[in-house]
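Peer 1:
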Amino acid sequence: MKIAGKVVVVTGGADGIGAALCHRFHEEGAAFIAVADRNEDRARDVARTVGGAAYALDVADRAAIEALVHEVEARHGRIDLFCSNAGVGDADPDPAWAVSAPDETWNRLWHINVMAHVYAARAVLPGMVARGGGYLLQTISAAGLLSQVGGTVYSATKHAAVGLAESIAIAHGGQGVGVSILCPQGVDTAMLRNSRQGADRPDGVLTPREVADSVIEGLEDERFLILPHPQVAGYMQRKAADYDRWLGGMRKLRARMLSRNP
Ligand SMILES: NC(=O)c1ccc[n+]([C@@H]2O[C@H](COP(=O)([O-])OP(=O)(O)OC[C@H]3O[C@@H](n4cnc5c(N)ncnc54)[C@H](O)[C@@H]3O)[C@@H](O)[C@H]2O)c1
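The opening position of the sequence shown corresponds to residue 3 in my numbering, with each subsequent residue numbered one higher.
1. Any heavy atom of ligand 3 closer than 7 Å to the beta-carbon of residue 256?
2. Please state whether the Cβ-Cβ distance between residue 187 and residue 234 is less than 8 Å.
3. Note the first and the last residue of the continuous alpha helix (DSSP H) segment covering residue 27.
4. Within its chain, find whatever has a CB closer than 6 Å to the CB of residue 88; leave out the 5 residues flanking it on each side and keep chain order.
5. Does the beta carbon of residue 44 fall short of 7 Å from some heavy atom of ligand 1?
6. Would residue 95 be called buried (16 or more neighbouring beta carbons within 10 Å of its own) or exposed?
7. Quick one, are the C-beta atoms of residue 149 and residue 119 less than 8 Å apart?
8. In chain order, which alpha helix (DSSP H) runs of at least 4 residues are fully inside the region 120-147?
9. Using the Cα positions of residue 121 and residue 207, report the straight-line distance between them to the nearest angstrom.
10. In whole angstroms, what is the alpha-carbon distance linking residue 67 and residue 204?
11. Return yes when the C-beta of residue 67 is under 7 Å from any heavy atom of ligand 1, and no when it is not.
Spelled out as structure tokens, the structure:
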């Protein structure tokens, strides 16, 4: 898919990867960009620089996502690309215990990292299938493919988001609907800076702009799996080839990380 002339929605578009996507889509000549975020002021700033419009919402609110889709479709006739990008991460409160996060964290991350993608897909797919064209970009994470040490809820919800995207691609790929999942490792955003591990990432930290460049390439190729850190493909192969060996390697990585950031 080429972005030129397309009507695009980006959730979490006010900051980080989402803001970089908005800027990059604008450079590629998108016809309209809806910058949807719970941070209204920042969403307005981004919308102003990309000639789009800001929509203040919480992506975990199904009615708000439906209203966003209806409004953009009513004003612009269609949504060509919906980017479910907003997401949140919480470290395990007690790094010694994988299941130390309270139910409240599980519920919050489930709704933002998974159900928001469901609400968006439910709202946009009927129009896309009827037109025989449209595209969903789901910002997930390498944690949805490989697991993030010390982030059980994040890893589990991001794995669920991968499963959801696969199901949508299998069911609707033959109806002209494209699906891509964006699965970076560390990216220099507020989320990473506020994490326990910070910028201490074995494979380095990319800028949001570099991630957005990978997205443009991935969308042009209509590739399901977009991996801004190419190492992730090798890790996935190793995991598939010998799951137990991979788990052993992850245990060693966890021990190293705990000794550095207890
Ligand atoms: N930064 C990383 O290292 C990294 C790595 C892999 C995947 N990701 C994923 O990338 C996506 C974007 O993260 P980021 O790093 O740009 O984070 P960020 O914190 O810089 O930006 C996230 C944006 O989403 C908005 N947002 C959060 N929750 C929301 C909600 N419930 N409703 C509406 N807006 C909401 C925030 O206001 C913010 O503008 C997330 O899905 C995240 O899981 C990030």
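For every residue, glycine included, the Cβ atom is placed at its ideal position computed from N, Cα and C.
Treat the numbers as computed from the prediction; the structure is a model and nothing was measured.
Peer 2: Result, derived from the coordinates:
1. As far as ligands go, the structure on display features ligand 1 and does not contain ligand 3.
2. Residue 187 sits at position 185 when you count from the first residue of the sequence shown. Residue 234 sits at position 232 when you count from the first residue of the sequence shown. Judged by beta-carbon spacing, residue 234 lies within the 8 Å limit of residue 187, meaning their Cβ atoms are closer than that value.
3. To locate residue 27, count along the sequence shown from 1; it is residue 25. That run of the alpha helix (DSSP H) goes 18-29.
4. To locate residue 88, count along the sequence shown from 1; it is residue 86. Correct list, in chain order: 13, 14, 61.
5. Within the sequence shown, the letter at position 42 stands for residue 44. At least one heavy atom of ligand 1 is found less than 7 Å from the C-beta of residue 44.
6. Mapped onto the sequence shown, residue 95 falls at position 93. Counting the other CB atoms within 10 Å of its CB gives residue 95 a total below 16, which places it among the exposed residues.
7. As a first step, residue 149 is located in the sequence shown; it is residue number 147 there, counting from the start. As a first step, residue 119 is located in the sequence shown; it is residue number 117 there, counting from the start. No, the Cβ-Cβ distance between residue 149 and residue 119 is not below 8 Å.
8. Taking only runs of at least 4 residues, no alpha helix (DSSP H) segment lies wholly in the region 120-147.
9. If you number the sequence shown from 1, residue 121 lands on position 119. If you number the sequence shown from 1, residue 207 lands on position 205. The straight-line gap from Cα to Cα measures roughly 31 Å.
10. Counting from 1 along the sequence shown, the entry for residue 67 is found at position 65. Counting from 1 along the sequence shown, the entry for residue 204 is found at position 202. C-alpha separation (whole angstroms): 36 Å.
11. For this step, residue 67 is matched to residue 65 along the sequence shown. No.
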